[in-house]
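Q:
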């Protein structure tokens, strides 16, 4: 397959995953509303919001870095997705695979947040700075159990290539990392709660008390870009977790079902629990989940 | 000698800053034409911190596209609620399970940059008018204003108060009024339905009205706000 065809197919699959990610966000908003006894917005509400934000007639920029903040953010989202095979063996959804891409993907997960921190910093709003400080602190904390869990996988499968990790899990449901390395999966799933930023780790976005978190100053198409990225990034992270821990997917239906089920884990926790303060969430991640991650490495080294 | 004394001494020893005011004045002359604002209430140093461009009316997009945009705008109203008075107490039930405005695509949005509907909930004192003007100007267009309660319409029970304004639409353009003292949440939702109709029909052009009649609005605002210490337009 030529490079151009591969690139075109990858961007097509990016479009599909964007739509799926935004739909998932809409469904989750609906679920949250139903749990709270409300009817809730229609599941296509994220799409309308993005159209509306891009249809704004005026916008304000505070400088080059402010402008680049959302660009870095969406680059992080696209980069995360582009190096994960969404559907194993599929021409369209297999994306790019390089040796060591699991570290590249972990870097991309962090990259967007760092870019956003620089951009939001130039906006100059104190609430942005608070949001960024909370976001980066929490992110650094949940990266610890997640990184330990990934290292455990590297020890287990002797590879850092996501496609090879998925290949090793094929054949039977008992080959999934979930059953072969449960400690790593538990540590990673707890880290995922911090990644998706629902309760109890939702103080970063804090919709009411510190307006909106890092993007306080972002308006119009900047915000549209950030909202689009929320779809891409969420779906990409779910696909990553599916690949690393739940056997990957060999067809698109199985991909959709598995990502939905994985997302529901953080949604169930989110609707049932109250919120941690930032310092509490950092302490939480660095205790039991980090220990579980370390234990998962030790078990496979012995 | 205490530490505080040392600090005082060091401050006194500092040379006075050179008086550059006259030089700056001549440099700035070229900037003050009919397209820029004077920001004359600010000090010369502060004038450099703020944008001095006037707001300009923005033409709507081409017919069918603008209709599509208007549909999206009317189905995604993000509310910046300004609880100036008692009417704000009726806004809380809107997000609860009983009324639930999120099913209509609306949600509260506490930052003016992202909100599209500005909701004035009750009487407006002169002190809050200043904040209202600031927040309204920081919102990105197209932006809509809903004034809730009698007080925002004609002063209501504060009609002869020395410290409240009577008609909010002398200071910022208002799209929909919701009357009552205080209006029930159902009435507020009815007001939003009316606002949706206006947006769909392309009649909610308050932002352009504000830009076109900018001098009139600004004169009205400055007439009542005596301690004006902000730029003429808050970008």
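Protein chains in written order, with the working numbering: chain A, 54 to 355; chain B, 85 to 319.
Note that CB positions come from ideal geometry on N, CA and C, so glycine has one too.
Just so it is clear, the structure is predicted and the values come from calculations on it, not from any experiment.
1. So, at 8 Å on beta carbons, what are the nonlocal neighbours of residue 322/A in its own chain, with the 5 sequence-adjacent residues on each side left out?
2. Please confirm if residue 172/B has its CB atom under 8 Å from at least one CB of chain A.
3. Quick one: which chain B residues come within Cβ less than 8 Å of residue 273/A?
4. Touch check for the segment 143-160 of chain A and the segment 83-96 of chain A: three-plus C-beta pairs under 8 Å?
5. Find the residues of chain B that neighbour residue 80/A, judging by a C-beta separation of less than 7 Å, and give them in chain order.
6. Pull up the DSSP beta-bridge partners for residue 54/A, would you.
7. For residue 119/A, I'd like the list of residues in its chain whose CB is within less than 7 Å of its CB, leaving aside the five on either flank, ordered along the chain.
8. Output the distance between the C-alpha atoms of residue 243/A and residue 298/B, rounded to the nearest integer angstrom.
9. May I have the straight-line CA-CA distance separating residue 121/A from residue 168/A, to the nearest angstrom?
10. Could you tell me whether the Cβ of residue 133/A comes closer than 8 Å to any Cβ of chain B?
11. In angstroms with no decimal places, state the Cα-to-Cα distance between residue 234/A and residue 350/A.
12. Name the DSSP bridge partner or partners of residue 203/B?
13. Rank 256/B, 225/B, 261/B by C-alpha distance to the C-alpha of residue 196/B and give the top, closest one.
14. Ignoring anything shorter than 3 residues, give me the beta strand (DSSP E) runs that lie fully in the segment 254-291 of chain B, in order along the chain.
15. Measure from the C-beta of residue 113/A to each C-beta in chain B and report whether the shortest distance is under 8 Å.
16. Under 8 Å by Cβ, that's how I've got residue 232/B and residue 267/B pegged, so tell me the actual separation to the nearest angstrom.
17. Rounded to whole angstroms, how far is the Cβ of residue 203/A from the Cβ of residue 159/A, which I believe are closer than 8 Å?
18. Roughly how many whole angstroms lie between the Cα atoms of residue 266/A and residue 181/A?
19. What residues from chain A crowd round residue 74/B, counting only those whose CB sits closer than 7 Å?
20. Return the residues of the segment 205-230 of chain B that lie within a Cβ-Cβ distance of less than 7 Å from chain A, sorted by chain order.
21. Taking just the CA atoms, how far does residue 242/B sit from residue 208/B?
22. Can you list the residues of chain B that residue 86/A reaches, using a CB-CB cut of under 7 Å?
23. Counting only beta-carbon atoms, is residue 141/A nearer than 8 Å to chain B?
24. Strictly below 7 Å CB to CB, what residues from chain D border residue 105/A?
25. If you measure between the beta carbons of residue 255/B and residue 305/B, is that distance less than 8 Å?
26. Give the list of continuous beta strand (DSSP E) stretches no shorter than 3 residues that lie fully inside the segment 55-114 of chain A.
27. For residue 102/A and chain B, any beta-carbon pair shorter than 8 Å?
28. Taking a cut of 8 Å between CB atoms, which residues from the segment 269-300 of chain A lie near chain B?
29. Grab me the residues of residue 260/B's own chain with a C-beta within less than 6 Å of its C-beta, minus the 5 sequence neighbours each way, in chain order.
30. Does the distance from the CB of residue 284/A to the CB of residue 141/A come in under 8 Å?
31. Taking C-beta to C-beta, are residue 178/B and residue 308/B nearer than 8 Å?
32. I'd like the span of the alpha helix (DSSP H) that includes residue 282/A, first residue to last.
33. Hey, does residue 131/B have any beta-carbon neighbour from chain A nearer than 8 Å?
34. Taking Cβ positions only, does residue 265/A come closer than 8 Å to chain B?
35. Determine, for residue 317/B, whether the minimum Cβ-Cβ distance to residues of chain A falls below 8 Å.
36. If you measure between the beta carbons of residue 113/A and residue 272/A, is that distance less than 8 Å?
A: On the basis of the data shown:
1. 246, 251, 252, 253
2. no
3. 224
4. no
5. What residue 80/A touches in chain B: nothing, since even the nearest Cβ is about 14 Å away.
6. None; residue 54/A has no bridge partner.
7. 172, 175, 176
8. 54 Å
9. 8 Å
10. no
11. 10 Å
12. 165/B, 230/B
13. 225/B
14. 260-262
15. yes
16. 6 Å
17. 7 Å
18. 6 Å
19. Here chain B covers residues 85 to 319 and nothing more, so residue 74/B does not appear.
20. 224, 225, 226
21. 9 Å
22. 186
23. no
24. In summary, chain D is missing from the structure at hand, where the protein chains are A and B.
25. yes
26. none
27. yes
28. 269, 270, 271, 272, 273, 276
29. 230, 275, 278, 279
30. no
31. no
32. 273-298
33. no
34. yes
35. no
36. yes
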